[in-house]
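Numbering (full-length UniProt numbering), first residue to last: 1 to 386. Note that CB positions come from ideal geometry on N, CA and C, so glycine has one too. In this text, all values refer to a predicted model and were calculated from it rather than measured experimentally. Report on the following structure.
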Ligand SMILES: *[C@@H]1O[C@H](CO)[C@@H](O)[C@H](O)[C@H]1NC(C)=O
Ligand SMILES: *[C@@H]1O[C@H](CO)[C@@H](O)[C@H](O)[C@H]1NC(C)=O
Ligand SMILES: *[C@@H]1O[C@H](CO)[C@@H](O)[C@H](O)[C@H]1NC(C)=O
Ligand SMILES: *[C@@H]1O[C@H](CO)[C@@H](O)[C@H](O)[C@H]1NC(C)=O
Ligand SMILES: *[C@@H]1O[C@H](CO)[C@@H](O)[C@H](O)[C@H]1NC(C)=O
Ligand SMILES: *[C@@H]1O[C@H](CO)[C@@H](O)[C@H](O)[C@H]1NC(C)=O
Ligand SMILES: *[C@@H]1O[C@H](CO)[C@@H](O)[C@H](O)[C@H]1NC(C)=O
Ligand SMILES: *[C@@H]1O[C@H](CO)[C@@H](O)[C@H](O)[C@H]1NC(C)=O
Ligand SMILES: *[C@@H]1O[C@H](CO)[C@@H](O)[C@H](O)[C@H]1NC(C)=O
Ligand SMILES: *[C@@H]1O[C@H](CO)[C@@H](O)[C@H](O)[C@H]1NC(C)=O
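Right, dumping it as structure tokens:
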């Protein structure tokens with residue numbers, strides 16, 4: 001029975017190229033009476049609100065139970081988990097969301113339609129709080145290292161590094177503070193860490209995604225929902241085959257900060273969005289107008305880098321593309337690097353763009369994963385194929 005099930009699972013797995021070949025067998029729900037951990041790496045920890053085999057009903061309690069060293073794998077069963085996840089340990093952590101055999105392999109599916117696990121919290125920034133304190137997923141070595149601060153340079157640099165390889169597969173991360181832009185309400189704060197995400201969703205309105213100082217992040221086959229500056233940060237972030245879902249428009253989609261080459265030699269800090277889709281969110285309020293109102297970006301500081309490669313843009317996009325930060329910094333300085341290559345779709349007409357960097361193929365070849373991370377990142381799972 002066991003063997004038959006495993007053979008069936010693996011046959012199914014081997015037929016498709018999507019999802020994670022390494023973890024699918026573990027992630028797929030099993031029939032009643034079969035352990036959910038069948039097919040999982042040895043030592044995988046089960047988190048469940050209902051299953052008798054689970055030691056933990058909270059993801060964060062499982063995280064806090066981890067020994068200081070060694071690679072950890074946590075399988076999260078179908079369900080809604082109201083909690084903030086805070087990963088300070090250095091060694092690899094992998095969070096796996098359970099999947100259903102009924103929806104995981106739908107060729108027309110997306111992260112929203114596949115995922116069975118929602119982890120959520122509902123904090124938002126009120127007077128005296130740092131943006132970091134609203135995040136529901138923090139990957140940073142310490143509280144000070146998670147801080148974001150304000151202004152062109154932000155919170156003080158910390159002499160620390162946190163997780164070297166955090167991964168999450170097929171999980172919805174949500175900040176449910178409000179169904180509108182109440183204030184900064186982050187989903188992620190990834191600072192002084194390397195992290196990657198596969199088939200996940202990230203949902204909020206303002207400042208959904210943050211890649212902090214000294215951080216490198218990679219997101220693939222995922223959906224990011226937001227309104228204002230909903231990809232922001234300092235570090236190097238690559239978004240591959242994602243959907244950027246505009247729930248409304250405000251600020252820019254991206255608001256990045258750069259660091260000069262004196263302070264961080266050779267750095268290629270920036271937000272890079274490749275082979276992706278920008279569209280009005282399927283869950284945007286029917287009364288919200290997005291047509292022609294969303295900017296691709298605004299510069300959080302004058303060294304910001306934001307590059308869109310081969311990305312479909314619906315009519316949400318404002319024809320000039322990018323805008324200055326605000327009335328106190330009314331000019332996009334020429335130290336800001338805004339570029340596009342092969343933008344397409346109704347919002348992809350670059351004729352009126354303020355950016356003078358409409359790249360040709362040779363110029364675009366300088367923007368690859370290996371080049372912006374200055375290596376082939378060892379912390380990315382390149383076996384995950386869309
Ligand atoms: C995901 O798929 C569902 C079901 O087909 C669809 O309703 C939804 O619009 C899709 N979401 C995105 C962001 O494409
Ligand atoms: C995350 O955990 C660390 C270590 O326990 C703690 O110092 C820090 O305050 C936590 N961060 C948040 C935002 O709760
Ligand atoms: C965190 O930063 C505060 C303010 O800069 C400082 O007083 C405190 O000592 C720092 N804590 C640690 C553990 O470095
Ligand atoms: C990372 O942070 C340290 C300070 O903790 C800094 O000296 C170093 O330059 C940073 N590395 C990069 C690549 O920015
Ligand atoms: C947001 O909308 C959903 C669906 O309509 C609702 O269930 C939820 O309570 C709303 N959240 C808040 C914070 O109002
Ligand atoms: C780099 O930025 C620092 C402040 O962080 C500044 O002191 C320094 O002059 C800058 N260097 C250059 C070459 O712009
Ligand atoms: C949509 O927006 C209108 C106008 O702001 C508001 O009254 C309504 O509650 C919103 N609907 C939802 C589902 O949030
Ligand atoms: C960019 O700014 C510098 C400093 O203000 C100026 O000298 C230079 O001419 C500018 N370059 C362009 C192409 O505008
Ligand atoms: C692109 O926009 C320009 C300026 O609005 C317009 O003249 C041109 O026809 C557009 N091109 C396409 C292919 O729609
Ligand atoms: C984090 O990732 C970057 C880019 O791939 C890499 O240069 C760096 O060595 C990694 N840091 C650690 C501590 O593994």
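{"Asked": "May I have all residues whose beta carbon comes closer than 7 Å to any heavy atom of ligand 9, sorted in chain order?", "Found": "319, 349, 351 and 352"}
{"Asked": "Between residue 182 and residue 32, what straight-line distance do the alpha-carbon atoms span, to the nearest angstrom?", "Found": "43 Å"}
{"Asked": "Would you grab the beta carbon distance between residue 286 and residue 258 for me? Rounded to a whole angstrom, and I think it's under 8 Å.", "Found": "In fact, because the Cβ distance is near 38 Å, the residues do not count as touching under 8 Å."}
{"Asked": "Tell me, please, whether the segment 209-222 touches the segment 182-192 by the rule of three or more beta-carbon pairs shorter than 8 Å.", "Found": "yes"}
{"Asked": "Does ligand 2 have even one heavy atom less than 6 Å from the beta-carbon of residue 88?", "Found": "yes"}
{"Asked": "With hydrogens ignored, establish whether the beta-carbon of residue 287 is closer than 6 Å to any heavy atom of ligand 7.", "Found": "yes"}
{"Asked": "How would you label residue 115, buried or exposed, when you count the other beta carbons within 10 angstroms and need 16 or more for buried?", "Found": "buried"}
{"Asked": "Can we count residue 179 as close to ligand 7, meaning its CB is less than 6 Å from some heavy atom?", "Found": "yes"}
{"Asked": "Pair every Cβ in the segment 94-114 with every Cβ in the segment 141-154, then say whether three or more of these pairs are closer than 8 Å.", "Found": "no"}
{"Asked": "Candidates 319, 381 and 281: which alpha carbon is nearest residue 353's?", "Found": "319"}
{"Asked": "Whose C-beta lies closer than 8 Å to the C-beta of residue 383 among residues of the same chain, with five residues either side of it excluded?", "Found": "20, 21 and 22"}
{"Asked": "Counting only the same chain and skipping the five closest in sequence on each side, list residues whose C-beta sits under 6 Å from that of residue 454.", "Found": "What is shown of the chain runs 1 to 386, which leaves residue 454 out entirely."}
{"Asked": "Run the proximity test for residue 214: is its beta-carbon closer than 6 Å to any non-hydrogen atom belonging to ligand 3?", "Found": "no"}
{"Asked": "Using CA coordinates, which residue listed in 236, 71 and 386 is at the minimum distance from residue 90?", "Found": "71"}
{"Asked": "What do you get for residue 136, buried or exposed, if any count of 16 or more other CB atoms within 10 angstroms of its CB means buried?", "Found": "buried"}
{"Asked": "Which same chain residues end up closer than 7 Å to residue 165 when comparing Cβ atoms and leaving out the 5 residues on each side of it in sequence?", "Found": "92, 194 and 379"}
{"Asked": "Only counting runs of 4 or more residues, tell me where the alpha helix (DSSP H) segments fall wholly within the segment 216-290, in order along the chain.", "Found": "none"}
{"Asked": "Among 223, 81 and 184, whose alpha-carbon lies nearest the alpha-carbon of residue 129?", "Found": "184"}
{"Asked": "Do the segment 241-250 and the segment 219-227 make contact, defined as three or more Cβ pairs closer than 8 Å?", "Found": "yes"}
{"Asked": "Specify the secondary structure class of residue 57 as computed by DSSP and reduced to three states.", "Found": "coil"}
{"Asked": "Helix, strand or coil for residue 13? Go by DSSP, reduced to three states.", "Found": "Low local confidence applies: a pLDDT of 48 at residue 13 is under 50, so the model's placement there is unreliable, with the coordinate-based value given in what follows. Here residue 13 sits in helix by DSSP."}
{"Asked": "Say the cut is 6 Å; is the CB of residue 262 nearer than that to a heavy atom of ligand 6?", "Found": "yes"}
{"Asked": "Is the beta carbon of residue 367 closer than 7 Å to that of residue 307?", "Found": "yes"}
{"Asked": "Just to confirm before moving on: does the CB-CB distance between residue 124 and residue 203 stay below 7 Å?", "Found": "no"}
{"Asked": "Indicate the three-state DSSP secondary structure (helix, strand or coil) for residue 196 in the structure shown.", "Found": "strand"}
{"Asked": "What are the start and end residues of the beta strand (DSSP E) that includes residue 143?", "Found": "Run containing residue 143: none in the beta strand (DSSP E); it sits in the alpha helix (DSSP H), 143-146."}
{"Asked": "What are the boundary residues of the alpha helix (DSSP H) that residue 387 is part of?", "Found": "Given a span of 1 to 386 for the chain in the structure shown, any question on residue 387 remains unanswerable."}
{"Asked": "Rounded to whole angstroms, what's the CA-CA distance from residue 144 to residue 200? Just pull it up for me.", "Found": "27 Å"}
{"Asked": "So what does DSSP say about residue 361, is it helix, strand or coil?", "Found": "helix"}
{"Asked": "Is it the case that the Cβ atoms of residue 395 and residue 134 are separated by a distance below 7 Å?", "Found": "The first residue shown for the chain is 1 and the last is 386, placing residue 395 beyond what the model contains."}
{"Asked": "Spatial neighbours of residue 339 within its chain, please: CB distance less than 7 Å, with the 5 preceding and 5 following residues excluded, ordered by chain position.", "Found": "307, 355, 357 and 359"}
{"Asked": "Classify residue 374 as helix, strand or coil using the three-state DSSP reduction.", "Found": "coil"}
{"Asked": "Can the beta-carbon of residue 63 be found less than 7 Å from the beta-carbon of residue 76?", "Found": "no"}
{"Asked": "Between residue 282 and ligand 1, is there a pair consisting of the residue's CB and a ligand heavy atom that are separated by less than 6 Å?", "Found": "yes"}
{"Asked": "Using alpha carbons as the reference points, say which of 288, 284 and 309 lies closest to residue 296.", "Found": "309"}
{"Asked": "Using the Cα positions of residue 118 and residue 170, report the straight-line distance between them to the nearest angstrom.", "Found": "10 Å"}
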